[in-house]
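Here the protein sequences come in this chain order: A and B. Everything in the first sequence is counted per our numbering, starting at 117 for the first residue and increasing by one. Everything in the second sequence is counted per our numbering, starting at 18 for the first residue and increasing by one. Where a beta carbon is used, it is the ideal one built from N, C-alpha and C, also for glycine. Data block below; observations after.
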Amino acid sequence: MELALSDVRGHSLDLKGIGHAFGATVALDEIDLTVAAGELIALLGPSGCGKTTMLQIIAGFLRPSRGEVRFDGARVEHIPANRRRIGMVFQNYALFPHLTVFENVAYGLRARKRPNAEVAAKVEQMLGLAQMAAFARRLPGELSGGQQQRVALARALAIDPGLVLLDEPFSALDKNLRLDMQIEIKSLLKTFGVTSIIVTHDQEEALSMADRIVVLNKGRIEQIDSPDALYDRPASLFISSFIGHTNLLRGTVTDADRVQLDAGPEIDLGRSVQRRRGTPVTLSVRPENIAFGAERPGAIPVTIRATVPLGAVSVTEGVTASGEAVKVSRARAAGIAKAQAGDTAWLAISDVSRVSIFSTPIDDVSKHQQRSV
Amino acid sequence: MLPVVPLAALFFAAFVLPLIALVAISLFRNAQFAELSLAQYLRFFSDPFSIKVLTDTLWLGAEVALATLILAYPLALVYVASGPFMRTLITFLIMLPLLTSTVVRTFAWIVILGRDGIVNSAMLSLGLWQAPARLLYSWEGMVLALTQIQLPLMALPVINSLLRLDGNLTRAAEGLGASRARIFITVILPLTLPGAIAGWLLVFAAAATAFITQTLVGGGRIILMPSYIYQQAVGVQDWPFSAALSLIFTLAVTGIVFAIGALSRRYVRGVDAA
């Protein structure tokens, strides 16, 4: 869908060498990030990765221990949150429960002491865009979760923010409503042309919303890339298993382009693995890049454990001789014989160029060696 | 069921029966218990002095409650912003007046406010005052002493309300550009109002009826309902009139408490009552 883009109104954002510690706990370390005006960025990571700290630093609720925050090139660390012109959407929406929808949206304008007529016109415009005009006189407690979220976004956008920060905005919504709201909010943010940063631990949310995704782990940036690139070319083992589902197969480098899998066969990867012979490696193979096939060299024998229908696709899980679980996803077309639990099947990697190769982490190597003994 | 019976019996014997007795006594025409009538009530409402005593007493309660309210908010805001150690310390300091006997507390105020008390000696020796001021036996001294003594009743519900306030609401207001003063007036105050009203009513009722503090710090120069009732019952031995005074006073205080409670339930919107 092509969105009606208005002129870009947002700030550009630069973070340089941001570090923050709470006592002895390092929450953020050496964060460098550049966000273009009008871009929609997702900060993605597991809980405790530092993404909320980063959001609070950008919003001005927290002063970083080290580093620079720049809006449109100008440093802002000394500017308090209430003078940064940032629209915040909170996880629980944080609507003022004692104020009507109208007064909630008007709050930022009244704080700026705008004349009443201007406030009324702006609030009506925002509520119209958020499709909440009919609810202006209601209290937040009388609205559904999705409606509250629309109001929260209208309130954030009413102050013509240079930057919109959304903190886990969809986690309180029903799963069915989530995708609709994601599409709706993405289109609203893009229409406004405002720079937006969405913090989430939900990779689907990040994939569906963001132009680029920043993956954070343990206070550091692991990778910054487009959703497709993150999925297809994950920079680390962490990302390959954090974004989407993947199968991790352990093996050992036997030649410049070959890996002997613990699961049985030796795989020709068709390119250099860039590691010395004998190096333990882990291959990441997406479930849709693996298929049932015939018994032949290079095929991986597995024992079928179960098949789960997931709407458009069905996922079958098997276990290799080395004890690794492998998921295979395929279109749930009629005519495909259902694999029975306990059956032996042969799996083949469909496209070796889409297999990612990682060095096996040290602590996994020791476990791996113990098992091979 | 059974444990309720002795409790109910105690409640009946210690509370309901005396109240019935009080109503009965107030209906006698004179101290000789001769004739039933509403004479005592007519006497009260036709006597400007008595009415003035009642309104002064209610006003004292309102004033003390307002003073504790003004002190409780900064205290509660500091409490909420503090770490665990400071919180414990503040809680201890707030509770301290409750752990001391009323009489001891009140005598402490007499020592502080007296003609040769700490305040007067300090101000005189600093040369700020030429002559000792009369702090004790004054309306202001009474308000001051009662404010200190009743502060816990206000601070605890206000702190409780503040702790229940979602921190994201103040952050949202700040992000929308509101100053600290605006955040306090438009977000914190309305959302902690149930706690503040609960505290106000507690302090109002407690301060208006604080017989010992009123009598000792007020020093008999200021006649308020509790000492008026005492004087009529013990001094003048006019039991019917003092019974009527007691009932009028009780009804006035509870009436105000219920009226304000009902008004706040009606007009405080979108906030759970604490």
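- Straight across, the Cα-Cα distance linking Ile202(A) with Leu156(A) is about 14 Å.
- Contact between Thr436(A) and Val444(A) is ruled out by a C-beta separation of about 12 Å, above the 8 Å threshold.
- When Cβ-Cβ separations below 8 Å define contact, Gly224(A) makes contact with chain B.
- Boundaries of the alpha helix (DSSP H) harbouring Asn185(B): 184–192, taken from the DSSP string.
- Excluding sequence positions up to five before and after Thr187(B), its CB lies within less than 8 Å of the CB of Ile200, Val204, Ile205, all in the same chain and listed in chain order.
- When 8 Å is used as the limit between beta carbons, Asp183(B) is near these residues of chain A: Asn208, Ala210, in chain order.
- Using a CB distance cut-off of 8 Å, Asn198(A) counts as an interface residue toward chain B.
- The continuous beta strand (DSSP E) containing Gln376(A) extends over residues 374–377.
- Scanning chain A for C-beta atoms nearer than 7 Å to the C-beta of Leu186(B) yields Ala210, Phe212, reported in chain order.
- Taking 8 Å as the threshold, the shortest C-beta distance from Ala195(B) to chain A falls below it.
- Taking every protein chain shown into account, the CB of Asn232(A) has fewer than 16 other CB atoms within 10 angstroms, so this residue is exposed.
- The alpha-carbon separation between Arg470(A) and Val185(A) amounts to approximately 37 Å.
- Under the three-state reduction of DSSP output, Ile157(A) falls in the strand class.
- Contact of Ala158(A) with chain B is not assigned, every C-beta pair being separated by 8 Å or more.
- For Glu234(A), the enclosing alpha helix (DSSP H) starts and ends at 232–245.
- The beta carbon of Met204(A) sits closer than 8 Å to some beta carbon of chain B.
- The C-beta of Gly212(B) comes no closer than 8 Å to any C-beta of chain A.
- Separation of the CB atoms of Ala89(B) and Leu168(B) is rounded to 7 Å, and the pair is thereby assigned contact status at 8 Å.
- Annotation: Thr74(B) to Pro285(A) spans about 54 Å, alpha carbon to alpha carbon.
- Only residues of its own chain outside the window of five on either side were considered, and among them Asp341, Ser472 have a CB closer than 8 Å to the CB of Arg349(A), listed in chain order.
- Excluding residues up to 5 positions away in sequence, Tyr347 lie with their Cβ nearer than 6 Å to the Cβ of Gly360(A) in the same chain.
- Where Leu218(B) is concerned, the enclosing alpha helix (DSSP H) starts and stops at 206–225.
- Among the bridge pairs identified by DSSP, Met204(A) is matched with Leu281(A).
- Pairing Leu149(A) with Leu131(A) gives a Cβ-Cβ distance under 8 Å.
- Near chain B, meaning a CB-to-CB distance below 7 Å, the residues of the stretch 151–182 of chain A are Ala175, Phe177.
- Beta-bridge partners assigned by DSSP to Lys302(A): none are found.
- When C-alpha distances from Ser475(A) are compared across Ala246(A), Leu365(A), Gly261(A), the shortest belongs to Leu365(A).
- The residues Gln167, Leu170, in chain order, have a CB closer than 7 Å to that of Ala223(B) in the same chain once the five nearest residues on each side in sequence are set aside.
- Within the model, the alpha-carbon separation for Ser303(A) versus Ala288(A) is close to 20 Å.
- For Asn137(B), the CB contacts under 6 Å within the same chain, skipping 5 residues up- and downstream, are Pro149 in chain order.
- Put simply, the stretch 58–70 of chain B does not touch the stretch 144–162 of chain B. Fewer than three CB pairs are less than 8 Å apart.
- The three-state reading of DSSP puts Glu146(A) in strand, counting E and B together.
- By the Cβ-count criterion, Ala175(A) is buried, with 16 or more other Cβ atoms from all chains shown falling within 10 Å of its own Cβ.
- The beta-carbon distance between Leu179(B) and Ala84(B), rounded to whole angstroms, is 19 Å. This is too long to meet the 8 Å contact definition.
- Between the beta-carbon of Leu71(B) and that of Phe266(B) there is about 7 Å, and that keeps the pair under the 8 Å contact cut.
- Its chain contains Pro257 as the residues whose beta carbon lies nearer than 7 Å to that of Asn47(B), once the 5 sequence neighbours on both sides are disregarded; these appear in chain order.
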